[in-house]
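Residue numbers (the numbering used here), protein chains in the order written: chain A, 1 to 119; chain B, 1001 to 1119. Yeah, the Cβ is synthetic: ideal placement off N, Cα and C, and Gly gets one too. Predicted, not measured: the structure shown is a model, and the values here were computed from it. First up is the structure itself, then whatever we jot down about it.
Number of protein chains: 2
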Amino acid sequence: METKAALRTLSALAQETRLAIYRYLVEAGPAGAFAGTVAEALGVPSTTLSFHFKELSNADLVEGQQQGTYIRYTAKLDTIQAVVGYLTETCCGGNPEMCAPVAVPLPMPAVKRKASRQQ
Amino acid sequence: METKAALRTLSALAQETRLAIYRYLVEAGPAGAFAGTVAEALGVPSTTLSFHFKELSNADLVEGQQQGTYIRYTAKLDTIQAVVGYLTETCCGGNPEMCAPVAVPLPMPAVKRKASRQQ
DNA sequence: CCGTTGATTCCAGAATACTCGAAATATGGA
DNA sequence: TCCATATTTCGAGTATTCTGGAATCAACGG
């Protein structure tokens, strides 16, 4: 993931309504939820919700599948992992073992590199 | 971490300059970097940079330590982890084991009922 | 004290994002 | 076909955020 995509993803989640939508879909699990259901659950007008769904889709955070008249939205959890990977990939100049406190819930690419000095 | 804090953190990172600052500090590792060094490296006016440092501090993403005339900033990596935890804590209604196969195409139960959107 | 340098605050203009009503589009049933 | 429902697009008003110059504050050396 490169900077532009990461920025899109972070921007998408950095908004109250969209964060609520995303969390709702995460909680819903692989089955997801219909757009109308989310609108009703969160008390957001459908027109506003549509705007936010679009943002989340562009950020690759959710996916919509047409099912008859309805659209079923699901959260794409792996995008979050990608963002975390992006944020930590340059960690300590490529020596993530120095960044102990961060435990990414995914197997991290074991990048081995020479230690560099700074001070 | 609760919603407000998560929103603050995500908003802080969802900005080009701040994301660059944060990544710069992540790469710098525990030693961090001086404010002026970051300003020069990223080509950002000190007044603008100060504004963004403040945002990042409020979001608990960086920490500044006065050292003589200079201020040394370091990235607080564990905050990222807290956000990820927040985003996934409600995963599948509290059954995270269901979230494992993210890429699996979900089975689509035929929804043919009129006013029923549940499942 | 001064003068210098690093960093922040103040402020206003510019740019961007959010909201939601009305209208348009899409789908399926009668 | 016509109708009902779900969702999106359009558009304009509102709100928020970003930027950077000028002024200010803080720390040091002389």
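Within-7 Å CB hit, residue i to chain B
| i | result |
| --- | --- |
| L106/A | Any reading at L106/A needs caution, since the residue's pLDDT is 32, under 50, leaving its predicted position unreliable; the model's value is listed next. Answer no: the Cβ-Cβ gap between L106/A and chain B never drops below 7 Å. |
| A14/A | yes |
| T69/A | no |
| R18/A | no |
| P101/A | Only weak support is given to the placement of P101/A: the predicted model assigns it a pLDDT of 49, under 50, and the question is left unresolved by the model. |
| I21/A | no |
| E97/A | no |
| G93/A | yes |
| L49/A | no |
| V44/A | no |
Pair within 7 Å by beta-carbon distance, residue i and residue j
| i | j | result |
| --- | --- | --- |
| H52/A | I80/A | no |
| E1055/B | A1005/B | no |
| V1083/B | T1009/B | yes |
| R1072/B | G1032/B | yes |
| E1097/B | K1076/B | no |
Identified DSSP bridge partners for residue i
| i | result |
| --- | --- |
| T90/A | T90/A is not bridged to any residue. |
| R1072/B | F1034/B and Q1065/B |
DSSP-derived helix/strand/coil call for residue i
| i | result |
| --- | --- |
| G1064/B | strand |
| P45/A | coil |
| M1098/B | helix |
| Q81/A | helix |
| E1002/B | coil |
| A1012/B | helix |
Cβ of residue i within 7 Å of any chain A Cβ
| i | result |
| --- | --- |
| L1010/B | yes |
| E1027/B | yes |
| V1038/B | no |
| L1061/B | no |
| T1090/B | yes |
contact_flag[the stretch 36-55 of chain A, the stretch 1051-1067 of chain B] where n(CB pairs < 8 Å) is 3 or more: no
task: Could you tell me whether the stretch 1025-1042 of chain B touches the stretch 1083-1095 of chain B, using the rule of 3 or more Cβ pairs below 8 Å?
output: no
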